[in-house]
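Novice: Please read through the structure below; I'll follow up with questions.
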Amino acid sequence: MSRNKKLKKARRSSINDPLLLTPGPLTTSATVKEAMLHDYGSRDDYFIELNRRVCQELLTLCDAQQTHLCIPLQGSGSFAVEAMIANQLPREGKLLNLVNGAYGHRITEICQYIDRKVSVIETAEDQPVDVARLNQTLTDDATITHVAVVYCETTSGILNPVEEVAEIVARHNRRLLIDAMSAFGALPLSVGNIPFDAIAASANKCLQSVPGLGFVIAKKDTFPRTRGNAHSLSLDLHAQWQYMNDTGQWRFTPPTHCLLALDQALRELEKEGGVSGRYKRYEENCRTLVTGMRDLGFQTLLPDELQAPIIVTFLMPGEESFNFQEFYDRLNALGYVIYPGKLTNIDSFRVGCIGHFGPDKMQAAVSAIKTVITGSGL
Ligand SMILES: Cc1ncc(COP(=O)(O)O)c(C=O)c1O
Numbered sequence: 010m011s012r013n014k015k016l017k018k019a020r021r022s023s024i025n026d027p028l029l030l031t032p033g034p035l036t037t038s039a040t041v042k043e044a045m046l047h048d049y050g051s052r053d054d055y056f057i058e059l060n061r062r063v064c065q066e067l068l069t070l071c072d073a074q075q076t077h078l079c080i081p082l083q084g085s086g087s088f089a090v091e092a093m094i095a096n097q098l099p100r101e102g103k104l105l106n107l108v109n110g111a112y113g114h115r116i117t118e119i120c121q122y123i124d125r126k127v128s129v130i131e132t133a134e135d136q137p138v139d140v141a142r143l144n145q146t147l148t149d150d151a152t153i154t155h156v157a158v159v160y161c162e163t164t165s166g167i168l169n170p171v172e173e174v175a176e177i178v179a180r181h182n183r184r185l186l187i188d189a190m191s192a193f194g195a196l197p198l199s200v201g202n203i204p205f206d207a208i209a210a211s212a213n214k215c216l217q218s219v220p221g222l223g224f225v226i227a228k229k230d231t232f233p234r235t236r237g238n239a240h241s242l243s244l245d246l247h248a249q250w251q252y253m254n255d256t257g258q259w260r261f262t263p264p265t266h267c268l269l270a271l272d273q274a275l276r277e278l279e280k281e282g283g284v285s286g287r288y289k290r291y292e293e294n295c296r297t298l299v300t301g302m303r304d305l306g307f308q309t310l311l312p313d314e315l316q317a318p319i320i321v322t323f324l325m326p327g328e329e330s331f332n333f334q335e336f337y338d339r340l341n342a343l344g345y346v347i348y349p350g351k352l353t354n355i356d357s358f359r360v361g362c363i364g365h366f367g368p369d370k371m372q373a374a375v376s377a378i379k380t381v382i383t384g385s386g387l
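Counted the way the numbering used here counts, the sequence shown spans residues 10 to 387.
Listed below in structure tokens is the structure:
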């Protein structure tokens with residue numbers, strides 16, 4: 010079947026594209042897509058004001074308007090994480106990295122690329138990061154200046170205890186950097202409860218906008234000291250902020266259409282009841298998915314208490330007849346796109362709960378999964 014015919018058959022989202030049950034890019038609303046139907050120049054007054062408004066709104070979402078700065082950055086989420094690490098961690102600094110999945114490992118890799126000292130506390134992919142070892146390591150090693158943690162480790166979908174991590178890091182008077190990529194906009198993240206020095210996130214996950222734009226929210230009072238830390242011209246967050254602060258404009262070509270989309274997506278987030286409203290819908294999506302899949306005999310990797318309502322990892326069924334590629338293709342043909350697993354040692358696949366859809370569509374996805382597995386002998 011041609012791709013066009015397949016797409017015609019597989020009409021699930023508001024504009025009849027297949028529904029993306031993935032960790033991002035994800036299904037966006039028709040209105041977010043429509044917001045991009047305009048061309049603005051980077052020096053346009055409307056665009057400059059929109060840029061300012063978006064940054065203010067992102068700060069408001071984590072109650073950080075008074076204490077932090079928002080620095081938007083072109084590129085995918087990893088660009089923002091790398092820029093955050095390079096900007097916040099001085100060349101003579103040392104990062105303690107709490108790892109329980111691929112995105113934690115990516116932070117270690119970033120440190121190796123940009124030649125920063127890093128020490129790692131690793132736990133299994135189905136276990137939260139180890140706060141007792143964090144406490145002990147900060148007691149033992151006075152050379153550690155910063156701690157990094159991933160809020161929701163999208164590798165497995167596990168929720169890390171960031172509030173506890175933040176409390177320990179603050180008690181030891183070290184700086185905290187959070188990869189909040191798959192958390193920002195849906196999981197609670199207020200600087201009042203989780204005092205962070207910087208977080209990195211992107212537009213195309215729980216904010217439900219399009220890919221192409223990330224951002225870092227960094228503490229105001231220490232930000233001037235980060236000047237000169239960056240290893241890279243285009244990822245220099247201090248230079249990015251300085252230029253924007255002086256001119257209202259982006260330093261290099263801005264992703265204008267992505268900003269238009271994000272502005273609209275932020276309005277839709279507010280209309281949904283903000284972070285708590287979005288959390289509630291994702292939680293319902295997650296519950297519908299997990300209940301339905303367990304009824305079909307699938308097993309989740311994580312117990313419910315460790316599961317963030319963002320993306321769920323399912324163990325690959327043991328039967329020899331189960332072929333993931335076939336499962337994926339048949340589901341795709343019915344209009345649902347799922348995601349392969351990312352665990353190191355266990356065969357698995359993932360289904361995302363985030364994006365512009367509710368439990369009714371999730372229920373329909375579970376029914377499609379049932380059709381695929383019962384109808385094909387998979
Ligand atoms: C927690 C986390 N960090 C970092 C990234 C990297 O983002 P990107 O793939 O947009 O570079 C992802 C992507 O899924 C993520 O989930």
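Ideal Cβ positions, reconstructed from N, Cα and C, are used throughout, including at glycine. Note that this is a predicted model, so its numbers are computed, not measured.
Which stretch, first to last residue, makes up the beta strand (DSSP E) that contains C79?
Specialist: Run containing C79: H77 to Q83, per the beta strand (DSSP E) assignment.
Novice: Could you name the residues that DSSP lists as bridge partners for I167?
Specialist: BP columns for I167 point to E162 and Q316.
Novice: Distance, Cα to Cα, N60 vs R359?
Specialist: So the two alpha carbons sit approximately 34 Å from each other.
Novice: Could you have a look at H247 and say whether DSSP puts it in helix, strand or coil?
Specialist: Of the three classes helix, strand and coil, the one that applies to H247 here is helix, per DSSP.
Novice: Looking only at C-alpha atoms, which of V200, Q75, F336 and T262 sits nearest to S51?
Specialist: Considering only alpha carbons, the answer is T262.
Novice: Please list the terminal residues of the continuous alpha helix (DSSP H) segment that includes V63.
Specialist: Start and end: D54 to L70.
Novice: Considering only their Cβ atoms, is the gap separating V225 from A89 smaller than 8 Å?
Specialist: The answer is yes: Cβ separation under 8 Å.
Novice: So does the segment 305–312 actually touch the segment 96–108, counting three or more Cβ pairs closer than 8 Å?
Specialist: With the cut-off at 8 Å, the segment 305–312 and the segment 96–108 do not touch.
Novice: Taking L67 as the reference, which of L46, D54 and A189 has the closest Cα?
Specialist: Comparing Cα-Cα distances from L67 to each of L46, D54 and A189, the minimum goes to A189.
Novice: Can you check DSSP and say which residues form a bridge with E131?
Specialist: Answer is V108.
Novice: Assuming contact is defined by CB atoms lying nearer than 8 Å, are C64 and V200 in contact in what I supplied?
Specialist: Their beta carbons are not under 8 Å apart, which means C64 does not touch V200 by this criterion.
Novice: Please identify the residue among M45, T36 and Q97 whose C-alpha is closest to the C-alpha of F232.
Specialist: Among M45, T36 and Q97, the Cα nearest to that of F232 is on Q97.
Novice: Work out the CA separation of S357 and P349 for me, nearest whole Å.
Specialist: Each residue's alpha carbon lies about 7 Å from the other.
Novice: Could you spell out the range, first to last residue, of the beta strand (DSSP E) harbouring L222?
Specialist: Note, L222: beta strand (DSSP E), L222 to K228.
Novice: Assign S330 to buried or exposed, taking buried as 16 or more other Cβ atoms, counted over all protein chains shown, within 10 Å of its Cβ.
Specialist: Exposed is the call here.
Novice: Taking the C-alpha atoms as reference points, what is the distance between P204 and E328?
Specialist: Distance between the alpha carbons of P204 and E328 is about 47 Å.
Novice: Return the chain-ordered ranges of every alpha helix (DSSP H) run that is complete within the segment 290–315 and spans a minimum of 4 residues.
Specialist: You should have found no qualifying run.
Novice: Which two residues bound the contiguous alpha helix (DSSP H) that contains G86?
Specialist: Note, G86: alpha helix (DSSP H), G86 to Q97.
Novice: Give me, in chain order, the residues of the same chain whose beta-carbon lies closer than 6 Å to that of L16; leave out the 5 immediate sequence neighbours on both sides.
Specialist: Bear in mind that the predicted position of L16 carries a pLDDT of just 49, short of 50, making it unreliable; the figure below should be weighed with that in mind. Contacts found: none.
Novice: What did DSSP end up calling V200 once you bin it into helix, strand or coil?
Specialist: Coil at V200, not helix or strand.
Novice: State the DSSP-derived secondary structure class of F205, mapped to helix, strand or coil.
Specialist: In this structure, F205 counts as coil in the three-state DSSP scheme.
Novice: Does at least one heavy atom of ligand 1 sit under 7 Å from the Cβ of V360?
Specialist: Every heavy atom of ligand 1 is 7 Å or more from the Cβ of V360, so no.
Novice: With DSSP collapsed to three states, give me the class of L147.
Specialist: It is helical.
Novice: Whole angstroms are fine: how far does the CA of A151 sit from the CA of N182?
Specialist: Roughly 11 Å separates the two Cα atoms.
Novice: From the DSSP output, in three-state form, read off I177 for me.
Specialist: Helix at I177.
Novice: Measuring CB to CB, does T31 end up less than 8 Å from V375?
Specialist: No, these two residues do not count as a Cβ contact at 8 Å.
Novice: With distances taken Cα to Cα, identify the nearest neighbour of L186 among E134, W259 and A95.
Specialist: When each option's Cα is compared against that of L186, the closest is A95.
Novice: Name the one or two DSSP bridge partners that K370 has.
Specialist: BP columns for K370 are empty, so no partner.
Novice: For V381, which residues from the same chain have a beta carbon less than 8 Å from its beta carbon, with the 5 sequence-adjacent residues on both sides left out?
Specialist: Cβ within range, chain order: F336, R339, L340, L343 and L387.
Novice: Is A210 helix, strand or coil by DSSP?
Specialist: Three-state DSSP puts A210 in a strand.
Novice: Pairs of beta-carbons, one from the segment 121–130 and one from the segment 104–113, closer than 8 Å: are there three or more?
Specialist: Short answer: they touch.
Novice: Can you tell me whether L16 is helix, strand or coil according to DSSP?
Specialist: Low confidence applies here, because L16 scores a pLDDT of 49, under 50, leaving its location unreliable; read the following figure in that light. Three-state DSSP puts L16 in a helix.
Novice: Are there any heavy atoms of ligand 1 lying less than 7 Å away from the beta-carbon of S211, as far as the coordinates show?
Specialist: The answer is yes for S211.
Novice: Could you check whether the Cβ of Y112 sits closer than 7 Å to any heavy atom belonging to ligand 1?
Specialist: Within the cutoff, so yes.
Novice: So the alpha helix (DSSP H) D272 belongs to, where does it begin and stop?
Specialist: Residues T265 to K280.
Novice: Which one or two residues does DSSP pair with L358 in a beta bridge?
Specialist: A small fix is needed here, since residue 358 is Phe in this sequence, not Leu. Bridge partners of F358: F323 and P349.
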